[in-house]
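Quick note on my numbering: the sequence shown kicks off at 286 and runs consecutively.
Ideal Cβ positions, reconstructed from N, Cα and C, are used throughout, including at glycine.
Accompanying notes for the structure given below.
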Amino acid sequence: MIHTRSLVRRTAAVVAAGAAALVLAACGGDGDGDASASAGHGGHNATASASASASASQGRHNAADVAFAKGMIPHHRQAIEMADLAPGRAQSAEVRKLAADIKKAQDPEIRTLSGWLASWGEEVPAEGTMDHSAHGMGGMMTAEEMTGLENASGKAFDTAFMELMIKHHEGAVEMAETERSDGAHGPAKKMAGEIITSQSAEIEQMNELLGED
Numbered sequence: 286m287i288h289t290r291s292l293v294r295r296t297a298a299v300v301a302a303g304a305a306a307l308v309l310a311a312c313g314g315d316g317d318g319d320a321s322a323s324a325g326h327g328g329h330n331a332t333a334s335a336s337a338s339a340s341a342s343q344g345r346h347n348a349a350d351v352a353f354a355k356g357m358i359p360h361h362r363q364a365i366e367m368a369d370l371a372p373g374r375a376q377s378a379e380v381r382k383l384a385a386d387i388k389k390a391q392d393p394e395i396r397t398l399s400g401w402l403a404s405w406g407e408e409v410p411a412e413g414t415m416d417h418s419a420h421g422m423g424g425m426m427t428a429e430e431m432t433g434l435e436n437a438s439g440k441a442f443d444t445a446f447m448e449l450m451i452k453h454h455e456g457a458v459e460m461a462e463t464e465r466s467d468g469a470h471g472p473a474k475k476m477a478g479e480i481i482t483s484q485s486a487e488i489e490q491m492n493e494l495l496g497e498d
């Protein structure tokens, strides 16, 4: 009986000591646990923040993005209108190919720009409508310039087309540079970079062709 009581006391002491150790570990571990949790949460938050930032750069937009899309749609439409004149009027095979390349590149961009505006709840510029205050801005052709191009043919058309398209492209490059510096929508900034690269190359090509005349 005495032996049993002694065993019980020892067992109780062990249990008490174990409980005390657990309490101490818990108390002592609070700081470590918090630090660890904090580090864990911090790591998670950092990852989440990076992910959110990446998502934001793709999804968010600002007024510069809207202006870019609304300005570039009619700008591209006019370039395509000019390019559509080339097959029946251009003398130079290079000019006909250049016009085809312009249309091939800018048609899909118009669809993409229109999709962005629709997703942002913004009005897409209507087909066939031009903001006449934009003529002379961003390299846009005046009605008189477009009529003159329509009435030209052969070498005269080639020269007029390239001279007007150089001015038109320079306006697009300027608009794209503004988007790259001021825009927030990742895909729009990417498109702006592609416009700068492709249209700058076409400007160089047209200047070379004009220099050969």
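In this structure Leu495 is exposed. Its beta-carbon is surrounded by fewer than 16 other beta-carbon atoms within 10 angstroms. Ala384 and Ala364 have their C-alpha atoms roughly 9 Å apart.
Distance from the CA atom of Gly471 to the CA atom of Glu366, rounded to whole angstroms, is 29 Å. Fewer than three beta-carbon pairs drawn from the region 449–456 and the region 388–395 are found closer than 8 Å, and the two stretches are therefore not classed as touching. Counting every other CB atom within 10 Å of its CB across the protein chains shown gives Arg396 a total below 16, marking it as exposed. Residue state for Ala473 is assigned as helix, using DSSP reduced to three classes. With contacts defined as CB atoms closer than 9 Å, Phe446 and Val351 fail to qualify as a contacting pair. The Cβ atoms of Ala354 and Glu429 do not sit closer than 9 Å to each other. Counting the other CB atoms within 10 Å of its CB gives Lys440 a total below 16, which places it among the exposed residues. For Lys475, there are no CB contacts under 7 Å within the same chain when 5 residues up- and downstream are skipped.
With a contact defined as Cβ atoms closer than 8 Å, Met425 and Met450 miss out at about 12 Å. Excluding its 5 nearest sequence neighbours in each direction, Asp467 has C-beta neighbours in its own chain below 7 Å: Ala349, listed in chain order.
The beta carbon of Pro372 is closer than 7 Å to those of Arg381 in its chain, skipping five residues each way along the sequence. Within the same chain, and ignoring the five residues on either side of Ala461 in sequence, the residues whose Cβ sits closer than 6 Å to its Cβ are Ala477, Ile480, Ile481.
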